[in-house]
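**Q** Please read through the structure below; I'll follow up with questions.
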Amino acid sequence: MINRKAPCSAVTPKGGKQNLFHHYEEENPALLFYHMGGVKWKEKIMGKRVNTAVWFENQKRWQIKVQKGGVRRTFTSSTPGRKGLREANTKADLWLDDGVDGSSKVSVMKERYLQYLKDRHVSKEHIIQNEKHLRLYLMPVIGRKRIGDVTEENLQAVLNYAHTIGNHGKGLAYKTLKTTRGVIQAFVKYCRIAKTTKLFPENLLIPNDAHQSTRKALQPDDIKKVFRSDQTTYRGKIQHDWYIHAYRIEIIVGFRPGELIGLDVSDIIGNRCTLKRAVNRFGETTHGKNKNAIRSFEIPEIGMREIRAQRKMLLSAGIQTNVLFPTPDGERLNQQLYRQSWNRYKEHNGIADRTPYELRHTFFSANKDMPEELIKPIGGHSKSFDGFSTYSHELDGDAHRAAQWIDNTFARILGSDQ
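Going by numbering that gives the first Met the number 0, the letters in the sequence shown line up with residues 0 to 417, in that order.
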């Protein structure tokens with residue numbers, strides 16, 4: 000065992016001996032040992048070099064070899080003495096000591112990332128989405144790799160894997176792959192924040208043959224059925240559907256299911272509706288899907304008739320609540336119950352198999368001829384680039400024009416049933 004308190008001597012470029020221990024001790028406390036006719040010191044400090052430069056008499060230079068991320072580099076200095084030693088070591092340190100430690104496994108960083116999301120108090124839905132995409136698609140491909148060894152090519156392989164293997168072997172749809180890509184990029188961004196990688200995966204490509212999933216809308220005949228019938232089947236008995244006005248108002252103004260569930264009576268003043276919240280599938284109240292989700296617009300007359308009918312129904316049932324579409328016991332509805340009720344209703348009335356979210360698509364399909372500057376404030380729809388949101392603003396009278404447009408649209412569809 001080497002006595003760390005005793006100085007160690009080595010041959011210097013000038014042929015004399017000098018105490019090398021002390022000048023290295025100034026840099027880092029180290030363990031000394033002889034190697035290749037010179038002196039090396041090893042240290043155990045994560046993220047830094049584990050050796051120091053060695054003088055090679057035949058080459059008249061100091062030399063140090065270091066490795067990072069599987070890449071090996073050699074740094075030298077031909078300056079004699081301590082100055083040359085420090086020069087060679089400094090060159091190595093500048094290359095190594097960039098503040099990034101990529102030694103952690105991807106699997107470890109995944110858990111740290113999910114905890115980071117929890118600490119930020121993001122929605123449960125957001126956390127579950129991230130966990131699912133990382134577990135199903137990222138982990139099988141690169142879960143055992145060190146995060147510092149991960150390249151953009153590796154991450155592209157993750158997307159390709161999701162495209163091929165996802166959805167029980169059927170492959171993920173284009174829109175879902177966009178979500179997967181977003182999760183991957185958010186995960187790597189966290190790893191950069193945690194100083195475990197310098198990777199910027201900004202060029203991940205979704206495979207060209209990824210299929211586009213399409214949502215469908217109710218056809219006019221089915222729209223008529225919704226406005227004609229308020230009957231459903233529950234436990235084998237035909238009865239009035241408690242949520243009939245919810246179905247209709249979603250078709251009329253294009254609410255998302257979570258927005259409809261989050262709607263309060265106080266959000267509607269006169270015929271002006273101001274959306275302030277949404278309730279996700281975990282029952283969490285959020286600010287909506289995107290920045291356009293919080294919006295204010297005028298409800299058309301056909302919609303106000305449904306609002307008035309809903310309030311009258313609640314009054315008749317003796318329910319006093321600020322929730323506009325509550326459960327029969329006055330509590331706020333949840334998405335699962337709403338979906339189950341809609342499914343019973345559509346089956347009872349012979350309506351095509353559409354989801355509650357596709358009632359929103361029915362609104363957009365029915366009003367596809369409406370100018371975009373009128374329909375956007377109602378639907379709260381966003382695009383990657385939207386000239387209207389950037390360069391145009393609502394003018395006086397626009398909200399009323401949009402409401403009249405919707406009234407005319409449904410008057411045409413429903414005819415005498417209106």
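Cβ atoms here follow ideal geometry from the backbone N, Cα and C, with glycine treated the same way.
Keep in mind it's a predicted model, so treat the numbers as computed, not measured.
In angstroms, rounded to a whole number, what distance separates the CA positions of Lys117 and Ile164?
**A** For Lys117 and Ile164, the distance between alpha carbons rounds to 29 angstroms.
**Q** Ala292 and Glu258 look like a contact to me (Cβ under 8 angstroms); what is the Cβ gap, rounded to whole Å?
**A** Indeed they touch by this definition, with Cβ atoms about 7 angstroms apart.
**Q** On the CB-based measure, 16 or more other CB atoms within 10 Å of its CB, does Asn366 come out buried or exposed?
**A** Buried: at least 16 other Cβ atoms inside 10 Å.
**Q** Check whether chain D comes within 8 angstroms of Leu217, counting only Cβ atoms and requiring the distance to be less than that.
**A** Absent from the structure: chain D. Only one protein chain is present.
**Q** Smallest Cα separation from His360: which of Ile237, Ala216 and Arg191?
**A** Closest option to His360, Cα to Cα, is Ala216.
**Q** Use the C-beta contact count for Asn129: other C-beta atoms within 10 angstroms, 16 or more gives buried, fewer gives exposed.
**A** Result: buried.
**Q** Would you check if there are 3 or more beta carbon pairs closer than 8 angstroms linking the stretch 217 to 227 to the stretch 262 to 277?
**A** No, because fewer than three Cβ pairs between the stretch 217 to 227 and the stretch 262 to 277 fall closer than 8 angstroms, the two stretches do not touch.
**Q** Taking the alpha carbon of Glu86 as the point to measure from, which residue in Thr196, Gly253 and Trp61 has its own alpha carbon closest?
**A** Looking at the Cα atoms, Trp61 is the closest of the given residues.
**Q** Please look up how many angstroms separate the CB atoms of Met108 and Thr232, rounded, as I've assumed it's under 8 angstroms.
**A** The pair is not a contact, with the Cβ atoms about 51 angstroms apart (cut-off 8 angstroms).
**Q** Could you name the residues of the same chain whose beta carbon sits closer than 7 angstroms to that of Gly253, not counting the 5 residues immediately before and after it, in chain order?
**A** Closer than 7 angstroms at Cβ, skipping near neighbours: Arg359, Phe362, Phe363, Ile377 and Gly378.
**Q** On the criterion of 16 or more Cβ atoms from any shown chain inside 10 Å, does Asp328 qualify as buried, or is it exposed?
**A** Asp328 should be labelled exposed.
**Q** Counting along the chain, where does the beta strand (DSSP E) carrying Thr273 start and finish?
**A** Start and end: Arg271 to Leu274.
**Q** Helix, strand or coil: how does DSSP classify Arg48 here?
**A** Coil.
**Q** I'd like the list of long-range same chain contacts for Pro200, defined as Cβ closer than 7 angstroms, with 5 residues on each side in sequence excluded.
**A** Counting only Cβ-Cβ distances below 7 angstroms, and skipping sequence neighbours, we find Glu151, Leu154, Ile183, Gln184 and Val187.
**Q** Terminal residues of the continuous alpha helix (DSSP H) containing Gln218?
**A** Gln218 -> no alpha helix (DSSP H), and no H or E assigned at all.
**Q** Where do the ends of the beta strand (DSSP E) carrying Trp54 lie?
**A** Its beta strand (DSSP E) spans residues Val53 to Phe55.
**Q** Let's test the definition: count the other Cβ atoms within 10 Å of the Cβ of Ser212 and tell me whether it reaches 16, buried, or not, exposed.
**A** Exposed, because fewer than 16 other Cβ atoms sit within 10 Å of the Cβ of Ser212.
**Q** Which word fits His132, buried or exposed, when buried means at least 16 other C-beta atoms lie within 10 angstroms of its C-beta?
**A** Looking at its Cβ environment, which holds 16 or more other Cβ atoms inside 10 Å, His132 is buried.
**Q** What does DSSP give as the partner residue(s) for Phe74 in the beta ladder?
**A** DSSP lists Ile63 as partners of Phe74.
**Q** Work out the CA separation of Pro256 and Arg294 for me, nearest whole Å.
**A** Taking the straight line joining both Cα atoms gives about 15 angstroms.
**Q** Rounded to whole angstroms, what is the Cα-Cα separation between Ala410 and Ile251?
**A** Going by the C-alpha atoms only, they are around 11 angstroms apart.
**Q** Counting C-beta neighbours from all protein chains within 10 Å, is the total for Ser77 16 or more, i.e. buried, or is it exposed?
**A** Ser77 comes out exposed.
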